[in-house]
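K.L.:
Residue numbers (our numbering): 889 to 1430.
For glycine and all other residues, C-beta sits at the position ideal for the given N, C-alpha and C.
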Amino acid sequence: MSNPDQAVPPAPDADHRSPESAPPGSTPSPVDPTAFGPYVPNPALDELVCSELARRTELIAAEARAIAQAQARQAEFFVALQGWSEDPLVSSRLHGNPESIRLADVNAATLTEDQARAAAYSRWDDRDVARRTIVSETACLLRLSERTVEHLMDQSLWLLAAPATFEALSAGEISYRHATALVDQMRTLPMEDQAAFEEKVLPEAKRLPVGRFIDKARRLRERLHPESIVTRSTNALAERHSRWEAAPDGMGWLHWYGTAHDTKAAYDRINGMAVKLKHLGDPAPNGNTASDTAGSGSGTAVGLRPDATEELPTRTLDQLRADITAALLLDGITPDGMGAGIRGTVMVTVPVLTLLGLDEEPGTLEGYGPISPEAAREIAGHAPSFTRLLTHPETGVVLSLGKTQHKNTKAMKKYLRVRDETCRFPGCSRPAVTSDVDHTDPWAGGGNTDCDNLAHLCEPHHRLKHLSQWRVTQETGGILHWTSPGKRSYRTDPANPVGPPRPRPPVVGPKTRKRPADDSYLMPRQRPSRKPTPPAPENPPF
889 MSNPDQAVPP
899 APDADHRSPE
909 SAPPGSTPSP
919 VDPTAFGPYV
929 PNPALDELVC
939 SELARRTELI
949 AAEARAIAQA
959 QARQAEFFVA
969 LQGWSEDPLV
979 SSRLHGNPES
989 IRLADVNAAT
999 LTEDQARAAA
1009 YSRWDDRDVA
1019 RRTIVSETAC
1029 LLRLSERTVE
1039 HLMDQSLWLL
1049 AAPATFEALS
1059 AGEISYRHAT
1069 ALVDQMRTLP
1079 MEDQAAFEEK
1089 VLPEAKRLPV
1099 GRFIDKARRL
1109 RERLHPESIV
1119 TRSTNALAER
1129 HSRWEAAPDG
1139 MGWLHWYGTA
1149 HDTKAAYDRI
1159 NGMAVKLKHL
1169 GDPAPNGNTA
1179 SDTAGSGSGT
1189 AVGLRPDATE
1199 ELPTRTLDQL
1209 RADITAALLL
1219 DGITPDGMGA
1229 GIRGTVMVTV
1239 PVLTLLGLDE
1249 EPGTLEGYGP
1259 ISPEAAREIA
1269 GHAPSFTRLL
1279 THPETGVVLS
1289 LGKTQHKNTK
1299 AMKKYLRVRD
1309 ETCRFPGCSR
1319 PAVTSDVDHT
1329 DPWAGGGNTD
1339 CDNLAHLCEP
1349 HHRLKHLSQW
1359 RVTQETGGIL
1369 HWTSPGKRSY
1379 RTDPANPVGP
1389 PRPRPPVVGP
1399 KTRKRPADDS
1409 YLMPRQRPSR
1419 KPTPPAPENP
1429 PF
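1. So, helix, strand or coil for Val1306, using DSSP?
2. Judging by CA-CA distance, which residue of Glu946, Trp1331 and Cys1346 is the nearest neighbour of Asp1340?
3. Would you report the Cα separation of Ala958 and Gly1060, rounded to the nearest angstrom?
4. Compute the distance between the beta-carbons of Gln962 and Leu1029, then report whether it is under 9 Å.
5. Using CA atoms only, rank isn't needed, just tell me which of Ser979, Ser1377, Ala1050 and Thr1053 is closest to Arg1015.
6. What are the start and end residues of the beta strand (DSSP E) that includes Trp1132?
7. Which residues bound the beta strand (DSSP E) around Asp1220?
8. Taking the C-alpha atoms as reference points, what is the distance between Leu1352 and Arg981?
9. Could you spell out where the alpha helix (DSSP H) holding Arg1015 opens and where it closes?
10. Counting Cβ pairs closer than 8 Å, one from the region 1071 to 1080 and one from the region 1103 to 1123, do we hit at least three?
11. Does the pairing of the region 1016 to 1024 with the region 1348 to 1363 give three or more beta-carbon distances under 8 Å?
12. Check Ala956 in the structure and name its three-state DSSP category.
13. Would you kindly work out how many angstroms separate the C-alpha atoms of Arg1120 and Leu1096, rounded to a whole number?
14. According to DSSP, simplified to helix, strand and coil, what is Leu1045?
15. Going residue by residue through the region 1063 to 1123, where are the continuous alpha helix (DSSP H) segments of at least 4 residues, counting only ones entirely within it?
16. Roughly how many whole angstroms lie between the Cα atoms of Val937 and Ala950?
17. Over the uninterrupted alpha helix (DSSP H) stretch that includes Gly1160, give me the two end residues.
18. In three-state terms, what does DSSP make of Leu1342?
19. Classify Pro1471: buried if its beta carbon has 16 or more other beta carbons within 10 angstroms, exposed otherwise.
20. Which class does Gly971 belong to by DSSP, given the choice of helix, strand or coil?
21. State yes or no: is the C-beta of Leu1304 within less than 9 Å of the C-beta of Leu1342?
22. Taking 9 Å as the cut-off, decide whether the C-beta atoms of Arg1379 and His1369 are in contact.
23. Between Gln1043 and the rest of its own chain, which residues show a CB-CB distance below 7 Å, the 5 nearest in sequence each way excluded?
24. Straight-line CA distance for Ser1033 to Ala1134?
25. Going by the DSSP bridge assignment, what does Pro1451 pair with across the sheet?
26. Determine the closest residue to Thr1147 out of Thr1364, Gly1138, Asn1123 and Ala952, with distance taken between C-alpha atoms.
27. When DSSP builds the beta bridges, which residues end up paired with Arg1379?
28. Buried or exposed: which applies to Gly1140, given that a residue is buried once 16 or more other Cβ atoms fall within 10 Å of its Cβ?
29. Whole-angstrom Cβ separation of His983 and Val1017, contact assumed at under 8 Å?
30. Looking only at its chain, what residues have a beta carbon closer than 6 Å to the beta carbon of Ile1158, apart from the 5 residues adjacent to it on each side?
31. So, with DSSP's three-state summary, where would you put Gln962?
32. Mapping the DSSP letters down to three states, classify Asp934 as helix, strand or coil.
33. Taking just the CA atoms, how far does Ala1215 sit from His848?
34. Can you look up Thr1204 in the DSSP assignment and give me helix, strand or coil?
35. Report the CB separation of Thr1237 from Val1306 in whole angstroms; it is logged as a contact under 8 Å.
36. Provide the residue span of the alpha helix (DSSP H) that contains Glu1347, from first to last.
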């Protein structure tokens, strides 16, 4: 079964899309009904309009068929590329450092801890390095994520393994989405049942919209699968996961892939609570509280800040569902008691003048990007669990990195995390907090340990840098220039152009001892006893 992490999130069917605003300039101007005079029946004119409608829509359909044919050819090229890279003569040349494997094996008994960790990067054989090389090269060229390219390569192999489906795609009879939906269902069946499934479901792909076809293919696959649904559900349960996806305008998506009954029950609970609040008139915090209706125990209106109820006196049902979800996830407690007082910690960069309310420059949320100045000020002012970063409004140089750092290495790591935010390989979005801090010029080769020679690389790209033909150089300010094995150049800039951390203040040495070493609380020096001074007379003689 395919890994759901590698699957592209399903897009809603065209029949279920919500109306969206048309792009600027594409909305037709209103037609004055009196401009053409009163309507007069004219069959010839009606036929002319209908014929023109058919011609214009056929132009679009022709382009759709051409796109399907081009995607079929692209799938062929993907398969050919994979086959070429698996040739031993090719894969050995794509491996940039095969000698390291032999040396690591020979000297395994004498390796230090650091050397052993470096040798672990060499555990990729020629085939692995070649696979990572063609994926990274293609992803950078197409400006796609490597996961998307891997998914396309995997789908291409399955498409060519389904001859009838590939032929229909090449002829433009079905779209690429129809074809991939078919093979995604087919690939989970045993090999001997796949041809029968394709034969039965392919005619439906030629006549149904994608959404309805997916539903029909899924139901047919359930009937044809020889394994019981209990066994398949147990295997699928191991692939449950949650992931976050950024959205425009300071928003984001939280995806939860779980069992059908858990996800449905969770949505039903959220919906039921939202409907109840809606019927109650969306009460303010002084009325029904989250602890009364949502069970979160927060004591405030569900999903709203206490100072925000005046801004949003009533919420739509969709808004209520979103606010309830946030309240339950942020403040809820698991059945075993976990979650009490725990909140996610993020890092936000706030310009000084924005924090003081003198400017409207947006803040920057780690791993996301610009957020509104109001949200940045709220985070900095009301969320002590957030790390607050103050920057100069013009130069962007870091003025404060939170609490005083005692070691340069800790300050440097935090600075690099703020500067990079993500892995610095072209197109990679893995967070810096889970990546390695890599020397651009290897330390073993004389590279310095300073901010202009360090950058975050996730483990796969850290390995790729050392084992393949990818090359990288770094400019002042954290700008990386990558050269691919195909001799293409790519530049990656730091997410936040902040200045380097301040140097640690000089360490003050111990004070010079002012008394002999033997004069201590353990060996006190004998001092002469002091006689008390006689009191002054009440009437002094002057």
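P.N.:
Taking the structure as given:
1. Residue state, collapsed to three classes: helix.
2. Considering only Glu946, Trp1331 and Cys1346, the residue with the shortest C-alpha distance to Asp1340 is Trp1331.
3. So the alpha carbons of these two residues sit roughly 9 Å apart.
4. If you check the CB distance, Gln962 and Leu1029 do not come in under 9 Å.
5. Ranked by Cα distance from Arg1015, the options Ser979, Ser1377, Ala1050 and Thr1053 are led by Ser979.
6. Taken as a continuous stretch (DSSP letters only), the beta strand (DSSP E) holding Trp1132 covers His1129 to Ala1135.
7. Note on identity: in this sequence residue 1220 is Gly, with Asp being the wrong assignment. Neither: Gly1220 is in no beta strand (DSSP E) and is coded neither H nor E.
8. Approximately 14 Å between the Cα atoms of the pair.
9. Per DSSP, Arg1015 belongs to the alpha helix (DSSP H) from Asp1014 to Leu1030.
10. Contact between the region 1071 to 1080 and the region 1103 to 1123 is present: three or more C-beta pairs spanning the two stretches fall below 8 Å.
11. The answer is yes - the region 1348 to 1363 touches the region 1016 to 1024, with three or more Cβ pairs under 8 Å.
12. Under the three-state reduction of DSSP output, Ala956 falls in the helix class.
13. Going from the Cα of Arg1120 to the Cα of Leu1096 covers about 27 Å.
14. Reduced to three states, the DSSP call for Leu1045 is helix.
15. Those alpha helix (DSSP H) runs which fall completely within the region 1063 to 1123 and span 4+ residues are 1064 to 1074, 1079 to 1093 and 1098 to 1112.
16. When rounded, the distance between both Cα atoms is 20 Å.
17. Going by DSSP, Gly1160 is part of the alpha helix (DSSP H) stretching over Ala1148 to His1167.
18. DSSP places Leu1342 in strand when its eight states are reduced to three.
19. In the structure as shown, the chain begins at 889 and stops at 1430. Residue 1471 is therefore absent and cannot be evaluated.
20. Residue state, collapsed to three classes: helix.
21. Result yes, Cβ atoms of Leu1304 and Leu1342 sit closer than 9 Å.
22. Closer than 9 Å, so yes.
23. Within its own chain, the residues whose Cβ lies closer than 7 Å to the Cβ of Gln1043, once the five positions on either side in sequence are excluded, are Thr1068 and Val1071, listed in chain order.
24. Between Ser1033 and Ala1134, the C-alpha separation is close to 14 Å.
25. Since the first and last residues shown for the chain are 889 and 1430, residue 1451 lies out of range.
26. The candidate whose alpha carbon is nearest that of Thr1147 is Asn1123.
27. In the DSSP output, where bridge partners are listed per residue, Arg1379 has His1369.
28. Per the 10 Å Cβ criterion, exposed.
29. Indeed they touch by this definition, with Cβ atoms about 4 Å apart.
30. Scanning its chain for C-beta atoms nearer than 6 Å, with the 5 sequence neighbours on each side dropped, one finds around Ile1158 the residues Arg1209, Ile1212 and Thr1213, in chain order.
31. Of the three classes helix, strand and coil, the one that applies to Gln962 here is helix, per DSSP.
32. Helix.
33. Nothing in the structure corresponds to residue 848, since the chain is present only between 889 and 1430.
34. In the structure shown, Thr1204 sits in coil (DSSP, three-state: anything other than H, G, I, E or B).
35. Confirmed, about 7 Å.
36. Residues Glu1347 to Leu1355.
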